Amino acid sequence: MTKQVVLSFSKSAKPKSDTAVVFAMEGGALTDQAAALDKKAGGLIASALRVREGFKGKHGDVLSVILPKGAGFDQVLVVGMGAAEKLDVIAFENLGGKILTTLKSISTESASLLLDMPKNTKTSEAEAASALAAGVRLRDYNFDKYKSKDLSGDRKKSKTLSSVTIVTTASAKAQALFKDEEALAQGVHLARDLVNEVANVLYPQSYAAIIKKELGALGVQVEILDDKKMEKLGFGAHLAVGMGSIRPPRVVIMRWNGTSGATGSGKGAKPSKADAPIAFVGKGVTFDTGGISIKPAAGMEEMKMDMGGSAAVVGLIRALAARKAKVNVVGIVGLAENMPSDRSYRPGDIVKSLSGKTIEVLNTDAEGRLVLCDALTYIQRTDKPKMIVDLATLTGAIMVALGYEYAGAFVNDDKLWSQLSNASTASGEKLWRMPLDEAYREEMKSKVADLQNLGNLGRYGGACSAAGFLEHFIEGKTPWAHLDIAGTAWWKSDKPTVPKGGSGFGVRLLYKLVMDHYCV
Ligand code: BES
Ligand code: MN
Ligand code: ZN
Numbered sequence: 004m005t006k007q008v009v010l011s012f013s014k015s016a017k018p019k020s021d022t023a024v025v026f027a028m029e030g031g032a033l034t035d036q037a038a039a040l041d042k043k044a045g046g047l048i049a050s051a052l053r054v055r056e057g058f059k060g061k062h063g064d065v066l067s068v069i070l071p072k073g074a075g076f077d078q079v080l081v082v083g084m085g086a087a088e089k090l091d092v093i094a095f096e097n098l099g100g101k102i103l104t105t106l107k108s109i110s111t112e113s114a115s116l117l118l119d120m121p122k123n124t125k126t127s128e129a130e131a132a133s134a135l136a137a138g139v140r141l142r143d144y145n146f147d148k149y150k151s152k153d154l155s156g157d158r159k160k161s162k163t164l165s166s167v168t169i170v171t172t173a174s175a176k177a178q179a180l181f182k183d184e185e186a187l188a189q190g191v192h193l194a195r196d197l198v199n200e201v202a203n204v205l206y207p208q209s210y211a212a213i214i215k216k217e218l219g220a221l222g223v224q225v226e227i228l229d230d231k232k233m234e235k236l237g238f239g240a241h242l243a244v245g246m247g248s249i250r251p252p253r254v255v256i257m258r259w260n261g262t263s264g265a266t267g268s269g270k271g272a273k274p275s276k277a278d279a280p281i282a283f284v285g286k287g288v289t290f291d292t293g294g295i296s297i298k299p300a301a302g303m304e305e306m307k308m309d310m311g312g313s314a315a316v317v318g319l320i321r322a323l324a325a326r327k328a329k330v331n332v333v334g335i336v337g338l339a340e341n342m343p344s345d346r347s348y349r350p351g352d353i354v355k356s357l358s359g360k361t362i363e364v365l366n367t368d369a370e371g372r373l374v375l376c377d378a379l380t381y382i383q384r385t386d387k388p389k390m391i392v393d394l395a396t397l398t399g400a401i402m403v404a405l406g407y408e409y410a411g412a413f414v415n416d417d418k419l420w421s422q423l424s425n426a427s428t429a430s431g432e433k434l435w436r437m438p439l440d441e442a443y444r445e446e447m448k449s450k451v452a453d454l455q456n457l458g459n460l461g462r463y464g465g466a467c468s469a470a471g472f473l474e475h476f477i478e479g480k481t482p483w484a485h486l487d488i489a490g491t492a493w494w495k496s497d498k499p500t501v502p503k504g505g506s507g508f509g510v511r512l513l514y515k516l517v518m519d520h521y522c523v
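In terms of this note's numbering, the sequence shown has 333 at position 330, counting the first letter as 1, and numbering is strictly consecutive.
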């Protein structure tokens, strides 16, 4: 990864900053510090605003102006804050992201962001400053590890941004708030790295090794089940998906026991009900060709992202462990590569899942549910979680329903839904509740086996019947949410805090869920 910008907070501007970032309110009025800078610059900013009539201080509008000698900075970026009453944490994060992209596009090494809070905002100055920094950090991501460095020296060397200082009267408090945001952003970046990584490098074995290295270092217990162990235990559905590939499947279980100091439910220790963990389950299909029911060629390269659910689980646990969250969490990811070959599973095959239920395979491209169902069964039987959330790039049908904006949330418990809904608002990662229904569960029953992996209605309601299939594997009354993130794990175009490609969707949402509702 390219070097990240150094972020700091201070009560005064960094002496050697070459660029100032100041704010304007909706309508174009400059904030106090912006007006003070304008005075030093002989009114140049105000006249720039007059000439550029298009700049009205709308949220995210930017205007850059070169300053005269003696102004203290070489140039200034004026950023529109928009209506004060709409300035929540997410709005400040988006501004931070926008500022980072603009700074990277102009020639600057070091910027000072002069924050003035308008009246009537929903946030304190410290929260705003921390959110601005978080937005900068979230957007400060590039997947360019496969780009050769320019060795020819042909390209003109332009300045690269190395530091951003946020100038605020609440610098100490902002710094403290940002510490957690920083850990969270590292989790998001890890998830993006995993999603963006190519399938000839990231496959079940190598993926498992990365998880062990990344999370083991933070004190997370990482257990890997290899294909032999999976066979012994009876992961029949998951193993079938991986059969066509030379790269054998894996299951990785990650346990973070944050409620009892360093000790947790070690081997043999029976956790009490209060200690029961919450579980996160992720689909980790490292490449989905569709198998024998092969996908069309166009766009198939994107199917390296079919492990986005698992990446969110790994990123989330990284963030929770980094801040030593007081919660017991278990993550489980089912890793497999779905390939066509002479060893592949076929349409018509009947496989036996870990739960004991038999499944008729009607389409080998409906593989995610086969991986997930075994992971769901395993984690319920071994760890007895008090709540389960699974994430999966499960269906194209959820994209027909919700596009790229919202993930579909299928939730069997209203309280869990209200917690998720709060976390969604707080993180800006959008969820839309979708139905679970007896009819969808019925649709997934087979004539020749217990279940079938394809609904009877073609594409109609495909995300709902997929959820209905999974619901057959939820035991007892455990609160459970299934998040279909096929549309949100991979961004087609840039967003303020998310460059296109792997988004890391789910990490911030579930971090909020855990921190606000499940920590002791
Ligand atoms: N991984 C795909 C779903 C997907 C599609 C994710 C596009 C991201 C972008 C999944 O395994 C799949 O192929 N689903 C099928 C299910 C169908 C065969 C019932 C689909 O959605 O077409
Ligand atoms: Mn598929
Ligand atoms: Zn898939």
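All C-beta atoms, glycine included, are put in the ideal place defined by N, C-alpha and C. All figures in this text were calculated on a predicted structure; none of them were measured in a lab.
Simplified DSSP state of residue i, which is helix, strand or coil
i: Ser-13; result: strand
i: Asp-278; result: helix
i: Ile-249; result: coil
i: Lys-448; result: strand
i: Ser-268; result: Note that Ser-268 scores 45 on pLDDT, short of 50, meaning its location in the model is unreliable; the coordinates nonetheless yield the value given after this. Three-state result, Ser-268: coil.
i: Glu-226; result: strand
i: Asp-524; result: Past the boundaries of the shown model lies residue 524; the chain is included only from 4 to 523, so the question cannot be answered.
i: Met-528; result: There is simply no residue 528 to check, as the chain begins at 4 and stops at 523 in what is shown.
i: Asn-260; result: strand
i: Gln-455; result: strand
i: Lys-43; result: helix
i: Leu-221; result: coil
i: Val-517; result: helix
i: Phe-476; result: coil
i: Glu-130; result: helix
i: Asp-35; result: helix
i: Lys-355; result: strand
i: Asp-368; result: coil
i: Gly-411; result: strand
i: Thr-396; result: coil
i: Thr-5; result: coil
i: Met-390; result: strand
i: Leu-486; result: strand
i: Glu-363; result: strand
i: Thr-22; result: strand
i: Val-523; result: coil
i: Val-254; result: strand
i: Gly-505; result: strand
Exposure of residue i, with buried meaning 16 or more beta-carbon neighbours within 10 Å
i: Lys-270; result: Residue placement at Lys-270 is poorly supported in this model, since its pLDDT is 48, which falls under 50; the coordinates are not used for a value here.
i: Ser-496; result: exposed
i: Leu-439; result: buried
i: Leu-457; result: buried
i: Tyr-463; result: exposed
i: Val-354; result: buried
i: Val-204; result: exposed
i: Glu-234; result: exposed
i: Gly-406; result: exposed
i: Val-201; result: exposed
Cβ neighbours of residue i in the same chain (closer than 7 angstroms, five flanking residues each side left out)
i: Asp-368; result: Gly-293, Gly-294, Ser-296, Lys-298
i: Leu-10; result: Ala-136, Val-139, Arg-140, Val-167
i: Ala-328; result: Gly-261, Val-517, Met-518, Cys-522
i: Met-308; result: Val-198, Thr-396, Ala-492, Trp-493, Gly-505
i: Ala-211; result: Ile-227, Arg-253, Val-255, Leu-338
i: Val-223; result: Met-257, Arg-258, Trp-259, Ile-320, Ala-324
Close Cβ partners of residue i (< 8 angstroms) along its chain, the five nearest in sequence each way excluded
i: Asn-415; result: Leu-439, Glu-474, Ile-477, Pro-482, Trp-483, Ala-484
i: Thr-266; result: Unreliable positioning characterises Thr-266 in this predicted model, as indicated by a pLDDT of 44, which lies under 50. A coordinate reading is not provided.
i: Leu-47; result: Asp-41, Val-68, Leu-70, Pro-71, Ala-74
i: Leu-460; result: Glu-446, Ser-468
Nonlocal neighbours in the same chain, by C-beta distance under 6 angstroms from residue i, ignoring five residues either side
i: Gly-60; result: Ala-27, Met-28, Glu-29, Gly-30, Gly-31, Gly-83
i: Gly-85; result: Glu-29, Lys-61, His-62
i: Cys-376; result: Ala-240, Ser-356, Phe-476
i: Ser-15; result: none
i: Ala-410; result: Leu-434, Leu-486, Ile-488, Thr-491
i: Ala-429; result: Lys-515
Residue i: CB within 6 angstroms of a non-hydrogen atom of the ligand FMN
i: Ala-489; result: As far as ligands go, the structure on display features the ligand BES, the ligand MN and the ligand ZN and does not contain the ligand FMN.
The ligand ZN site residues, beta-carbon cut 5 angstroms against heavy atoms: Val-288, Asp-291, Asp-309, Gly-371
Quick one: complete alpha helix (DSSP H) runs, 4+ long, within the stretch 158 to 217? 174 to 199
In the stretch 64 to 126, which residue ranges form an unbroken alpha helix (DSSP H) of at least 4 residues, counting only runs that do not cross its ends? 92 to 108
Whole runs of the beta strand (DSSP E) within the stretch 278 to 345, excluding any shorter than 3 residues: 281 to 291, 331 to 341
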